[in-house]
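Worksheet: one structure, shown below.
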Amino acid sequence: MLQLTIQIAVNGLTFGLIYILMALGFTLIFGIMRVVNFAHGEFYMVGAIGILLLFGTLGFNYYLSIVFAVLCVGLLGVIVERVLLRGFVGRELNSMIMALAVAITLQALAAILFGPQEQSVARPVTGVLQVAGVFIPRDRIVVGVIALAVLIAFYLFLRYARYGLAMRAVAQDPAAAALQGIRPGFIYSLAFGVGSLLAGLAGALMAPVYTISPFMGDVPMMMAFIVVILGGLGSIPGAVVGGLLLGFVESLFSTFFGSTIATMIAFGMVVLILLFKPSGLMGRAQ
Amino acid sequence: MTMRSVLLALGFVAIVVWPFLVDNTFYTHIGVSVWMFTILALSMNLMLRMGQLSLAHGAIMGLGAYTAALLMLRLDVPFLPAFICSGLVGALVAAITGPVMLRVKGVYFVLLTFAFGEIIVLMFIDWVSLFGGHNGIFGVPRAELFGFVLRDRSYSYLFALGLAALAYLILRWIYSTETGAVIDALHDDEDLARSLGVNALGYRIGIFIVSGFMAGIAGGFYASYFTFVTPESFTFWTAVDALVMNILGGIALPLGAVIGAVMLVPLPELLRDSQEYQILFYGLILIFFLKFLPDGVVGVIKSLSTDSSRSLGKRFMKILAWRQVK
Amino acid sequence: MRKSIQAGVIAVAGLAAFGSFQASADEVLTIGVVSALEGPGSEWGRGVDGGTRIAAKEINEAGGLTVNGTTYQIRVRSYDDGYAAARAVAAVTRLIEQDRVNFVLGPLGSGAALAVKPMYEEHGILALVNSYTPETLADNPQYTYRVLPTTAEYVGPIVGWINENHPDIQRVAIISPNDQTGWDSQKSQVATYEEFGYDIVGTELFERATRNFQPFVTRIMAQQPDLIELDTTPPGTAGLIIRQAREMGYQGMFSKIGGPGVPEIVDAAGKEFAEGTVVYVAADTENPKYAEMEEAYAEIYPPPMNAFNVFFYDAAHMLFEAMQRAGTVEDVEAVRAELLAMAPYEGMQGTLVWGGEELYGNNNQLQTPTFVGLIQDGKEVIVDRIAVE
Chain A
6 MLQLTIQIAV
16 NGLTFGLIYI
26 LMALGFTLIF
36 GIMRVVNFAH
46 GEFYMVGAIG
56 ILLLFGTLGF
66 NYYLSIVFAV
76 LCVGLLGVIV
86 ERVLLRGFVG
96 RELNSMIMAL
106 AVAITLQALA
116 AILFGPQEQS
126 VARPVTGVLQ
136 VAGVFIPRDR
146 IVVGVIALAV
156 LIAFYLFLRY
166 ARYGLAMRAV
176 AQDPAAAALQ
186 GIRPGFIYSL
196 AFGVGSLLAG
206 LAGALMAPVY
216 TISPFMGDVP
226 MMMAFIVVIL
236 GGLGSIPGAV
246 VGGLLLGFVE
256 SLFSTFFGST
266 IATMIAFGMV
276 VLILLFKPSG
286 LMGRAQ
Chain B
13 MTMRSVLLAL
23 GFVAIVVWPF
33 LVDNTFYTHI
43 GVSVWMFTIL
53 ALSMNLMLRM
63 GQLSLAHGAI
73 MGLGAYTAAL
83 LMLRLDVPFL
93 PAFICSGLVG
103 ALVAAITGPV
113 MLRVKGVYFV
123 LLTFAFGEII
133 VLMFIDWVSL
143 FGGHNGIFGV
153 PRAELFGFVL
163 RDRSYSYLFA
173 LGLAALAYLI
183 LRWIYSTETG
193 AVIDALHDDE
203 DLARSLGVNA
213 LGYRIGIFIV
223 SGFMAGIAGG
233 FYASYFTFVT
243 PESFTFWTAV
253 DALVMNILGG
263 IALPLGAVIG
273 AVMLVPLPEL
283 LRDSQEYQIL
293 FYGLILIFFL
303 KFLPDGVVGV
313 IKSLSTDSSR
323 SLGKRFMKIL
333 AWRQVK
Chain C
14 MRKSIQAGVI
24 AVAGLAAFGS
34 FQASADEVLT
44 IGVVSALEGP
54 GSEWGRGVDG
64 GTRIAAKEIN
74 EAGGLTVNGT
84 TYQIRVRSYD
94 DGYAAARAVA
104 AVTRLIEQDR
114 VNFVLGPLGS
124 GAALAVKPMY
134 EEHGILALVN
144 SYTPETLADN
154 PQYTYRVLPT
164 TAEYVGPIVG
174 WINENHPDIQ
184 RVAIISPNDQ
194 TGWDSQKSQV
204 ATYEEFGYDI
214 VGTELFERAT
224 RNFQPFVTRI
234 MAQQPDLIEL
244 DTTPPGTAGL
254 IIRQAREMGY
264 QGMFSKIGGP
274 GVPEIVDAAG
284 KEFAEGTVVY
294 VAADTENPKY
304 AEMEEAYAEI
314 YPPPMNAFNV
324 FFYDAAHMLF
334 EAMQRAGTVE
344 DVEAVRAELL
354 AMAPYEGMQG
364 TLVWGGEELY
374 GNNNQLQTPT
384 FVGLIQDGKE
394 VIVDRIAVE
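Residue numbers (the working numbering), protein chains in the order written: chain A, 6 to 291; chain B, 13 to 338; chain C, 14 to 402.
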């Protein structure tokens with residue numbers, strides 16, 4: 006029983022880290038631009054497709070492929086923001102629908118270019134770490150470590166870097182930030198770029214662990230959604246807390262009751278949070 | 013002016029006799045779908061008008077559809093009462109959840125209704141003994157009005173057109189009354205409206221109930237027209253479709269919802285020949301409209317003539333303020 | 014790129030049509046296809062379209078289909094239903110009303126098939142469908158036939174093979190996707206394994222979009238099965254389950270009696286983990302005809318070709334031959350009678366017969382030979398071929 010408990014906890018932690026990676030970008034984009042980015046799952050998918058192309062087909066080094074794929078996704082994010090979303094900043098409804106349209110388009114494009122079927126790439130890391138009867142696949146450890154490192158780097162960036170501080174300033178009060186000489190336009194591009202880059206990273210990391218298909222972004226998108234609402238839309242610490250919470254809840258309930266029940270419980274938590282504390286577990290009061 | 017009314021009358025006649033004119037069941041089928049989704053789009057227009065986008069409307073339509081299907085199939089209820097019940101269930105869901113959910117605003121309401129709608133759809137899927145799981149329910153009887161079975165699609169077309177026209181007139185009527193002015197005021201500046209003594213939540217709940225009724229009716233029609241109900245037809249994508257219709261047509265007028273449905277519903281059929289490119293084209297068309305016609309077709313028309321509806325809300329507030337002063 | 018190919022094909026078709034116009038003024042025979050051609054499910058759905066088109070193309074290139082003295086060029090009208098019931102209704106309405114077809118292949122999937130079945134029956138459209146639910150053949154349909162074997166058709170022979178070759182197995186867990194296909198298929202799996210005297214220690218359903226099976230696998234392994242049956246799990250996902258279960262320390266065997274796709278399983282699971290998995294083999298890839306079809310398929314859709322193509326290739330050829338025998342492309346009753354009388358028919362992979370009486374109460378099911386496969390060194394090896402009775 007203890008062994009099972011530890012296994013569930015370890016599983017929950019590894020899921021949680023990826024959810025956090027997805028949710029951070031999502032919440033960052035909302036916090037700064039007030040855009041509910043329905044295309045977030047598609048950036049995850051593009052990251053994975055990048056790995057399929059660079060690592061799978063062209064045979065580059067896996068870690069180099071990650072860096073390159075993730076930068077491309079970030080660039081794609083900047084382009085999408087500049088060309089399609091810039092005009093909608095602050096108009097939550099329209100920007101949300103634009104994001105939906107982008108999602109539909111990217112998914113269709115991927116299906117045309119890469120086919121609708123599930124594809125796999127070879128695993129750069131194999132094997133299992135077995136500690137006291139608990140099994141942890143090595144590839145998930147690699148994923149977890151990279152995710153953790155990026156999270157810490159991201160935190161330091163927001164805390165100490167000039168542009169990180171500027172981002173937080175814009176999120177808190179765009180008008181005041183503008184008075185300080187911060188160009189909101191640049192910050193929007195930066196936020197959307199970094200946000201999609203994080204989603205792309207999650208996709209690139211999970212590509213060898215799962216399978217790759219044009220529709221693979223739907224579930225992580227949903228998860229990011231749930232995490233962000235649990236933690237509070239726009240709240241960075243909330244994304245971390247929400248991600249870990251969802252990871253453990255999913256691990257626990259799908260182990261004992263199955264995945265449909267786990268999904269229903271996650272949505273149930275979302276409804277309760279929105280009804281009684283819409284700002285989320287860690288969010289500031291409205 | 014007379015020229016315009018003649019054109020309008022001609023257009024109206026053309027829409028009514030159209031299925032008999034073209035005598036092609038496939039075109040009639042598209043026509044039926046157009047008017048069916050017009051009802052849902054209009055019900056969505058009510059929500060958008062008060063600034064609360066509901067992504068649960070697909071699921072509410074689903075509840076209406078399952079209600080009609082189950083009543084007719086399991087309890088042998090005749091069509092008309094079952095059909096009305098499908099609307100009542102939609103209204104009931106709104107009446108029960110409204111007082112709690114409508115306290116939530118803006119994007120939080122969108123997300124809340126999204127989660128709520130998905131839970132309902134998961135229930136359709138998981139409660140197999142009642143809702144039939146992924147397969148749904150098949151063999152729902154066709155609509156029957158006063159002993160006349162709507163077997164021919166042309167009659168279904170007229171029925172759907174009648175329902176859509178009724179829904180449109182109801183919306184026009186609501187917007188022309190004081191209630192319409194109040195919901196505009198709530199959308200524009202809720203704090204001001206409330207400070208003037210408007211029972212904001214009460215109005216919102218009322219509108220949500222009317223909107224839920226219409227969504228349920230659209231579902232009831234769906235069940236008897238298609239003669240089957242499956243859960244995948246009622247996910248949040250259905251609500252998104254209704255939303256997109258409003259965006260394409262323009263939210264400012266109920267006519268926008270109608271125009272949007274007329275534009276969007278036949279689109280997959282028009283794009284059918286492009287095979288695997290059709291979803292791509294759909295996405296690109298959407299992007300184009302959002303980018304270049306953000307206020308929809310109605311917005312284009314309205315920018316040509318001067319607008320009146322939004323100022324109605326402001327006018328109402330002025331009247332209220334004036335009353336307060338007195 | 015694909016656009017230019019399409020343009021090229023159209024141009025060639027135009028030239029060909031022009032040429033034949035000069036020669037004999039060919040008639041055109043239109044048949045319909047409804048299937049999931051885009052989006053989720055289309056990797057299967059394109060098999061309906063691909064197989065039909067390849068068969069039609071072969072006949073057209075050989076000069077057309079001669080029926081009662083008239084030579085027809087076959088035109089295939091294919092409509093996407095997005096794997097959804099309501100859209101299948103729209104597509105079939107269009108085929109019936111707009112294109113005036115008398116013969117339709119598809120749709121794929123339970124919901125879509127059940128939605129359009131009343132239309133086929135009401136309008137007297139001869140339909141060759143692809144759907145896993147037994148409901149498809151319920152109520153003795155007159156015009157709806159299933160040309161693809163489902164789990165119920167092949168689970169018996171394959172479990173029999175396992176029983177004979179792996180006598181040590183006792184405890185079986187069965188995993189299926191949580192939808193109509195999975196439910197119906199799981200029922201026949203449970204019934205068959207129980208018939209052979211196995212203990213069913215767990216039956217599990219998962220949502221199709223699931224990629225993370227660790228909690229799931231943890232749960233199943235608590236039941237200590239000797240064999241995990243993957244049923245109609247999509248192949249890529251099946252590979253993921255195999256990999257994640259092996260990584261969590263599962264030592265037992267896997268079998269996948271339902272749906273084709275060994276390359277995807279091996280890709281997703283890894284060669285060493287997939288080793289020894291018993292699989293249902295839909296199409297014998299060693300068959301030289303199969304390679305030819307793959308080439309033809311690549312001109313229609315991007316590879317890889319799904320094995321479903323084989324069944325619809327055979328079915329389309331049967332349909333065309335039935336028209337020739339009946340001497341009509343209009344009289345659906347006559348064509349149907351010939352289609353039924355034609356079996357046993359020598360298909361691409363062996364003898365096909367109509368059957369299904371004991372399961373469905375009618376013989377609207379086309380029975381095909383069953384191949385038992387084993388994954389060895391990352392490749393599918395056919396270890397037994399069981400002909401239809």
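Glycine included, each C-beta is placed from N, C-alpha and C at the ideal position. As the structure is a computational prediction, the values presented were derived from the model and not from experiment.
Per-residue burial, residue i [other beta carbons within 10 Å of its own, 16 or more giving buried]
i        : result
A:Gln135 : exposed
C:Ala24  : Model confidence at C:Ala24 stands at a pLDDT of 43, short of 50, so the residue's coordinates are unreliable; what they give is reported in the following sentence. Burial call: exposed.
C:Lys130 : buried
A:Phe191 : exposed
A:Phe258 : buried
A:Tyr24  : buried
C:Asn322 : buried
A:Gln12  : buried
A:Thr10  : exposed
A:Gly21  : buried
B:Arg16  : exposed
C:Glu208 : exposed
C:Asp244 : buried
Inter-residue Cα distance where the pair is residue i and residue j
i        : j        : result
A:Ala137 : C:Gly369 : 52 Å
A:Asp144 : C:Pro190 : 26 Å
C:Gly64  : B:Leu302 : 40 Å
B:Thr109 : B:Phe220 : 10 Å
B:Val256 : A:Ile102 : 8 Å
B:Ala155 : A:Phe281 : 43 Å
C:Gly137 : C:Arg107 : 15 Å
C:Glu371 : C:Val172 : 19 Å
C:Ala251 : C:Leu387 : 15 Å
C:Val396 : C:Glu307 : 23 Å
C:Pro162 : B:Ala68  : 39 Å
B:Val140 : A:Val40  : 37 Å
C:Gln183 : C:Glu277 : 28 Å
A:Gln291 : A:Ala271 : Its pLDDT being 40, under 50, A:Gln291 is placed unreliably in this model, and the value from its coordinates should be taken loosely. Going from the Cα of A:Gln291 to the Cα of A:Ala271 covers about 23 Å.
Contacts of residue i in chain B (Cβ-Cβ under 9 Å)
i        : result
A:Thr265 : Leu134, Ile137, Asp138
C:Trp196 : Val140, Gly145, His146, Asn147
Chain A contact residues for residue i, given Cβ-Cβ distances below 8 Å
i        : result
C:Pro53  : Pro121, Phe220
B:Gly118 : Glu97
B:Tyr294 : Ile109, Ala113
Residue i: contacting residues in chain C (beta-carbon distance under 7 Å)
i        : result
B:Phe150 : Leu127
CA nearest to the CA of residue i, picked from the options
i        : options                                : result
A:Asn16  : C:Val291, C:Thr231, C:Asp397, C:Arg100 : C:Thr231
C:Ala320 : C:Gln264, C:Glu299, C:Glu135           : C:Glu299
C:Glu217 : C:Asn178, C:Ile241, C:Val61, C:Tyr211  : C:Ile241
B:Val119 : B:Met135, B:Leu65, B:Pro93             : B:Leu65
C:Pro170 : C:Arg256, C:Ser201, C:Glu312, C:Trp196 : C:Ser201
Chain B contact residues for residue i, given Cβ-Cβ distances below 8 Å
i        : result
C:Ser123 : His146, Asn147
Integer-rounded CB distance, given that residue j should sit under 8 Å from residue i
i        : j        : result
A:Leu63  : A:Ala74  : Between A:Ala74 and A:Leu63 the Cβ distance is about 11 Å, and since that is not below 8 Å, they are no contact.
A:Phe224 : C:Ala222 : Looking at the sequence shown, residue 224 of chain A is not Phe but Val. Confirmed, Cβ separation roughly 5 Å.
C:Leu141 : C:Leu353 : Actually they are not in contact, since the Cβ atoms of C:Leu141 and C:Leu353 sit about 12 Å apart, beyond 8 Å.
Neighbouring residues, chain A, relative to residue i (Cβ below 7 Å)
i        : result
C:Gln227 : Asn16
C:Pro315 : Gly120
Minimum Cβ-Cβ distance from residue i to chain D less than 9 Å
i        : result
A:Leu286 : Any reference to chain D falls outside this structure, whose protein chains are A, B and C.
Proximal chain A residues relative to residue i, where beta-carbon distance stays under 9 Å
i       : result
B:Leu75 : The contacting residues do not exist; B:Leu75 stays about 17 Å from chain A at best.
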